Amino acid sequence: MIAGSPLGRGGYVSYAVGMTKAPLYQSLFLQIVVATAGGVAIGLLDPALGMALRPLSDLFLRLIAMIVSPLVFCVVVQGIAGAGSLRTVGRVGIKALVYFEAMTTLALGFGLLAAGLAGPGRGMHVPLAGRAVTDGAVALGSVGGSAAALRQGGIGAFLLNIVPTSPVRAFAGNDVLQILFFAILFGCALTQVGPAGQPVARVIDGLTAVMFRIMGIVTRVAPVGVLGAVAWTVGHYGAAALGQLGLLVVLYVGTVAAFVALALGLVMRRCGVGLWRLLVYLRAELLIVAATTASDAVLPQTMDKLERLGIRREVVGLVIPAGYSFNLDALSIYLGMAVLFLAQATGTVLGWGQMALVLGTALVTSKGAHGVPGVAIVILAATLAVVPQVPPIGLVLVVSVDWFIGIARALGNFVGNCVATIAVAAWEGEIDLAQARRVLAAGDDAAAEAPLTAS
Numbered sequence: 001m002i003a004g005s006p007l008g009r010g011g012y013v014s015y016a017v018g019m020t021k022a023p024l025y026q027s028l029f030l031q032i033v034v035a036t037a038g039g040v041a042i043g044l045l046d047p048a049l050g051m052a053l054r055p056l057s058d059l060f061l062r063l064i065a066m067i068v069s070p071l072v073f074c075v076v077v078q079g080i081a082g083a084g085s086l087r088t089v090g091r092v093g094i095k096a097l098v099y100f101e102a103m104t105t106l107a108l109g110f111g112l113l114a115a116g117l118a119g120p121g122r123g124m125h126v127p128l129a130g131r132a133v134t135d136g137a138v139a140l141g142s143v144g145g146s147a148a149a150l151r152q153g154g155i156g157a158f159l160l161n162i163v164p165t166s167p168v169r170a171f172a173g174n175d176v177l178q179i180l181f182f183a184i185l186f187g188c189a190l191t192q193v194g195p196a197g198q199p200v201a202r203v204i205d206g207l208t209a210v211m212f213r214i215m216g217i218v219t220r221v222a223p224v225g226v227l228g229a230v231a232w233t234v235g236h237y238g239a240a241a242l243g244q245l246g247l248l249v250v251l252y253v254g255t256v257a258a259f260v261a262l263a264l265g266l267v268m269r270r271c272g273v274g275l276w277r278l279l280v281y282l283r284a285e286l287l288i289v290a291a292t293t294a295s296d297a298v299l300p301q302t303m304d305k306l307e308r309l310g311i312r313r314e315v316v317g318l319v320i321p322a323g324y325s326f327n328l329d330a331l332s333i334y335l336g337m338a339v340l341f342l343a344q345a346t347g348t349v350l351g352w353g354q355m356a357l358v359l360g361t362a363l364v365t366s367k368g369a370h371g372v373p374g375v376a377i378v379i380l381a382a383t384l385a386v387v388p389q390v391p392p393i394g395l396v397l398v399v400s401v402d403w404f405i406g407i408a409r410a411l412g413n414f415v416g417n418c419v420a421t422i423a424v425a426a427w428e429g430e431i432d433l434a435q436a437r438r439v440l441a442a443g444d445d446a447a448a449e450a451p452l453t454a455s
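UniProt numbering numbers the first residue of the sequence shown as 1 and each following residue consecutively.
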């Protein structure tokens, strides 16, 4: 059975890392903070040394590039197959998928709009030519072939180039759009072959687990990459770059907060339930998600609390696990904002066609990207591949702050999934609103006393 599929309580496989209690000096967050401070100090005190440390960030990007293709393939196949047959999941599954796609598209729009209005990357003047771009392109492989075909041969050549002549060649060339095309076909076929596909599904499960474990290992060297990225950025662009990177972090946190308050708040209002009361009800889970930057750690108790709101167990068991793969609102905001930030930083003008391509690619690459701190960089690299006008070296900029952005990203994804469950249940008429209001009004203390709905 595909991990992350709607197996109900206890059936969801967690790939989160770094959640066990460890000494403070082993905290990845603390290591990132120290590396950031060290990079700033080096860049300010000795710019030449700071620029000389750039190979450290190149090493981290090369490690990221190493797993882009197999990880994107695995999570897309797993996300599609994990949704199960629509005949099996019935109306609830269809409504959940419709809701997921609508909200993630809206979230992408939020990210693009915020970056377009605030312009956090304007004035950074990252070079579009030279060693930095060449090394960045090597680090991320031969990507963007489909986008190049769009410019040279029109829509026909673009569509033709999406179809790989060989899946092996697509993986070897790190052509993300071709890999996505093959992964979508593979995932759809896997859901249709029935029991005969179970051995393949188990193999995909195993591969995904291995790839996420590799991501966990790569994550442990992130402080080294952040040190090099921050030192190079400050040494090359001066202290002014710190202000713009800080603006990106503040802008992202503010955009996620606005999306939760406006978009998710409106959804909750239409459902007849208050968003603020829901956040208070889930405050313990929110604290854990903020500390670990991953929501897998609170999956069982979250599902239990949602059931105690009067939502049928079958609905919770389908929507929450599927949402972990399909409904990543805050990640979608990040992808839209980060791509536009990097375009602004490099002085690249993206047309409407390119923006639509980014939106479409992000909607697919984001599926299944959950549970492991740092995986958003992999997904961003895959999304960035379709707009080769933006040099890959720009990833160095976001690497230096991504680990701080990850807190808001994890919280936004978690809240989005909880709201999605309530919304789909209300849409399907499978929630006892009177019980939900009573439990939320009483707060978290009522969770232990509220009766579970019958399954």
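Glycine included, each C-beta is placed from N, C-alpha and C at the ideal position.
Just so it is clear, the structure is predicted and the values come from calculations on it, not from any experiment.
{"Check": "Residues bridged to Ile311 (per DSSP)", "Outcome": "Ile431"}
{"Check": "Gly265 versus Phe110 - alpha carbon distance", "Outcome": "15 Å"}
{"Check": "Classification of Arg283 by the beta-carbon crowding that lies within 10 angstroms, buried from 16 upward", "Outcome": "exposed"}
{"Check": "Where Met124 falls: helix, strand or coil (DSSP)", "Outcome": "coil"}
{"Check": "Among Lys95, Val203, Leu395 and Leu318, nearest to Met337 - alpha-carbon criterion", "Outcome": "Leu395"}
{"Check": "Leu335 versus Gly406: straight-line alpha-carbon distance, rounded", "Outcome": "12 Å"}
{"Check": "Buried/exposed call for Glu449, threshold 16 Cβ in 10 Å", "Outcome": "Because Glu449 sits at a pLDDT of 48, beneath the cut-off of 50, its placement in the model cannot be relied upon, and the point is left open."}
{"Check": "Residue from Arg220, Ala115, Val316 and Ala436 with nearest C-alpha to Ser27", "Outcome": "Arg220"}
{"Check": "Per-residue DSSP class, three states only, for Leu282", "Outcome": "coil"}
{"Check": "Own chain, CB closer than 7 Å to Gly119, minus 5 neighbours either side, in chain order", "Outcome": "Gln344"}
{"Check": "Start-to-end residues for the alpha helix (DSSP H) that takes in Pro47", "Outcome": "Pro47 to Ala52"}
{"Check": "Rounded distance between the beta-carbons of Val399 and Ser57, thought under 8 Å", "Outcome": "6 Å"}
{"Check": "Assigned secondary structure, Ala381 (DSSP; H/G/I helix, E/B strand, else coil)", "Outcome": "helix"}
{"Check": "Alpha carbon of Leu59 to alpha carbon of Gly225, nearest angstrom", "Outcome": "7 Å"}
{"Check": "At least three beta-carbon pairs within less than 8 Å, the segment 93-103 to the segment 239-257", "Outcome": "no"}
{"Check": "Rounded Cβ spacing between Leu306 and Val316 (contact assumed at less than 8 Å)", "Outcome": "5 Å"}
{"Check": "Reduced DSSP secondary structure (H/G/I, E/B, other) of Thr36", "Outcome": "helix"}
{"Check": "Extent of the continuous alpha helix (DSSP H) to which Ser332 belongs", "Outcome": "Asp329 to Ala345"}
{"Check": "Spatial distance of Val424 from Gly416 (CA atoms)", "Outcome": "12 Å"}
{"Check": "Neighbourhood of Val378 by C-beta distance below 8 Å, restricted to the same chain and skipping five residues each side", "Outcome": "Ile64, Ile67, Val68, Leu71, Val72, Met215 and Ala369"}
{"Check": "Three-state class that DSSP yields for Asn174 in the structure shown", "Outcome": "coil"}
{"Check": "Cβ-based neighbour list, Val364, same chain, cut-off 6 Å, excluding 5 preceding and 5 following", "Outcome": "Leu180"}
{"Check": "Three-state secondary structure (DSSP) of Val260", "Outcome": "helix"}
{"Check": "Rounded separation between Gly39 and Thr346 - CA only", "Outcome": "22 Å"}
{"Check": "Pick from Arg313, Phe414, Thr105 and Ala385 that is closest to Ala170, judged by C-alpha positions", "Outcome": "Ala385"}
{"Check": "Separation of Ala115 from Leu340, as counted between CA atoms", "Outcome": "6 Å"}
{"Check": "Reduced DSSP category for Ile94 - H, G, I as helix; E, B as strand; rest coil", "Outcome": "helix"}
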